[in-house]
Structure formats: structure tokens, C-alpha cells
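Protein chains in written order, with the working numbering: chain A, 1 to 116; chain B, 1 to 112.
The beta carbon of each residue, even a glycine, is placed where N, CA and C say it ideally should be.
For clarity, every value in this text was computed on a predicted model and none was experimentally measured.
Read through the structure below, which is laid out as C-alpha cells, and then see the notes.
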Amino acid sequence: DGGITQSPKYLFRKEGQNVTLSCEQNLNHDAMYWYRQDPGQGLRLIYYSQIVNDFQKGDIAEGYSVSREKKESFPLTVTSAQKNPTAFYLCASSGTSGRYLTDTQYFGPGTRLTVL
Amino acid sequence: QQQVKQSPQSLIVQKGGISIINCAYENTAFDYFPWYQQFPGKGPALLIAIRPDVSEKKEGRFTISFNKSAKQFSLHIMDSQPGDSATYFCAASTSGYSTLTFGKGTMLLVSP
Numbered sequence: 001d002g003g004i005t006q007s008p009k010y011l012f013r014k015e016g017q018n019v020t021l022s023c024e025q026n027l028n029h030d031a032m033y034w035y036r037q038d039p040g041q042g043l044r045l046i047y048y049s050q051i052v053n054d055f056q057k058g059d060i061a062e063g064y065s066v067s068r069e070k071k072e073s074f075p076l077t078v079t080s081a082q083k084n085p086t087a088f089y090l091c092a093s094s095g096t097s098g099r100y101l102t103d104t105q106y107f108g109p110g111t112r113l114t115v116l
Numbered sequence: 001q002q003q004v005k006q007s008p009q010s011l012i013v014q015k016g017g018i019s020i021i022n023c024a025y026e027n028t029a030f031d032y033f034p035w036y037q038q039f040p041g042k043g044p045a046l047l048i049a050i051r052p053d054v055s056e057k058k059e060g061r062f063t064i065s066f067n068k069s070a071k072q073f074s075l076h077i078m079d080s081q082p083g084d085s086a087t088y089f090c091a092a093s094t095s096g097y098s099t100l101t102f103g104k105g106t107m108l109l110v111s112p
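So, in C-alpha cells, the structure goes:
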């Protein structure tokens, strides 16, 4: 089945620890995204990547880092610098046409991170 | 600065009724307007999308109405069913160039 997988579904960490969230896709999409979802806040873009070894900051990148070493994978690290990391994190992907992003984004099932 | 404003925040509709969710945008460069549906604990899924060259798009019970001069678009769910109970997000982008900007979401509850 083609799709996006995120693991784990639930993650608990102690305050001050870095944590890495996994996102893998087998849709052969060039572009991948990370969003943070908080109640009543919609989806806010953390980072996105249009191509391997390249990524751009979104609206709320502070306290987060990403890497894009493979087309299929776009892990997100929530660092200890992120002041309020407890949230639902969503990964998405979309195709590209040349240097342009295509419009439809496909989302994974999400990871709920709780920092104790 | 919020570029896509969505209302209402929550909505309760009786089974068989019409659910209406509205969005307004500011950036006149936006030319792609999707709606996403999200069930609790799941990722959002594309429901329906429209571009400004048409004023309305219908897919089954779901219709997008688009008003370019008012910079507004809305989702209508006809004959609403309990299975439609979910959170709905509108979004907008400049096709090919920008990432999606999402509204804050509307939590819809369809009562049996």
C-alpha cells in the first residue's frame, strides 16, 4: 500500500530531552512537510523539504530540526529548546513538477508527543 | 498574521441538515483552495478543492462555493450524516510556489 507512515503513534519524553519523530513515505513524492497541531490552532508549518539534502523553515521552526538524507524519509527532532513541545505532529508529502510544488498534500496518521 | 480565517469554530447540525463552513483569505495571490477532513487521532485527508476559474465545485454531498471578489470560500455539506462528524480545515496556497496556509479548523458534530 502506498502512503505515509509515522512512528511512534504516542511518544512520552521527559522535559529537556531531545526526541526524533519518524516519517516515511513510499509515494515517490519529492516534497515533504512537518506540521504541528494544537487544539484550536489549526496546522502550523514547522519545516518543509522540496528535494533531498535541502529544506526550509516554516512558520514555527524554532526549537526543531530536520534532515532529508533520503527521498523517502524526513525525520523531525524536537529539541530541548522548544518551549512547549507537547502537541500532535503531522507529516505530509506532495509531488513536484520541475521546481514547482504540486498542490495536494497527503498526510500521515500523526504522532502525539507528550513531554512530562 | 493569520492569512486564512475560518468560521465557525464549532458547529452542531441535525442529521439530514446542511452544514456550512466559511473561510476568508487576504492574499490575492492565492489560487488553490482545498478543504481537508480530519477524524480524531488521524491525519487530515483532502476532501475537495477549487481554483478561482470556477465559482462552485460539487462532489457528492460536498460543495465548495467561491467568491473571488469577496475573497471568501465556503464548504457546504448537504444531507449531513453522523459519519461526517469531524474537524474540517480550509487552506489556501499559490499554486506551485507556496506551501498551504490553513485555517484554524471547524469541529462539526452531526446529531442523530
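Q | Residues of the stretch 88-102 of chain B with Cβ closer than 9 Å to any Cβ of chain C, in chain order | A | Absent here is chain C; the protein component of the structure consists of chains A and B.
Q: Measure the CB-CB distance between residue 75 of chain B and residue 66 of chain B and report whether it falls below 8 Å.
A: Start at 1 with the first residue of the second sequence, and residue 75 of chain B comes out as number 75. Start at 1 with the first residue of the second sequence, and residue 66 of chain B comes out as number 66. No, these two residues do not count as a Cβ contact at 8 Å.
(Q) With three or more C-beta pairs closer than 8 Å as the rule, is the stretch 24-38 of chain A touching the stretch 16-24 of chain B? (A) They do not touch, by the three-pair rule.
Q: Express the C-alpha separation of residue 83 of chain A and residue 30 of chain B in angstroms, rounding to a whole number.
A: Counted from its first residue, the second sequence places residue 30 of chain B at position 30. Counted from its first residue, the first sequence places residue 83 of chain A at position 83. Residue 30 of chain B and residue 83 of chain A have their C-alpha atoms spaced approximately 32 Å apart.
Q: Classify residue 84 of chain B as helix, strand or coil using the three-state DSSP reduction.
A: Counting from 1 along the second sequence, the entry for residue 84 of chain B is found at position 84. Helix, per DSSP.
(Q) Let's see if you can read the secondary structure: which residues bound the beta strand (DSSP E) around residue 34 of chain B? (A) Here the question's residue 34 of chain B lines up with position 34 in the second sequence. Here the beta strand (DSSP E) through residue 34 of chain B covers 33-38.
Q | Members of the stretch 46-73 of chain B near chain A, C-beta cut-off 8 Å | A | Taken in chain order, the members of the stretch 46-73 of chain B whose beta-carbon sits within less than 8 Å of a beta-carbon on chain A are 46, 49.
**Q.** Cβ-based neighbour list, residue 93 of chain B, same chain, cut-off 7 Å, excluding 5 preceding and 5 following
**A.** By one-based count along the second sequence, residue 93 of chain B stands at place 93. The answer, listed in chain order, is 30, 32, 99, 100, 101.
Q: For residue 76 of chain B, write down the residues that DSSP places opposite it in a beta bridge.
A: Residue numbering aside, residue 76 of chain B sits at position 76 when the second sequence is read from its first letter. Partner(s): B:20, B:63.
Q. Using the beta-carbon of each residue, which ones in chain B are nearer than 9 Å to residue 109 of chain A?
A. Taking the first sequence and counting its residues from 1, one reaches residue 109 of chain A at position 109. The answer, in chain order, is 41, 42, 43.
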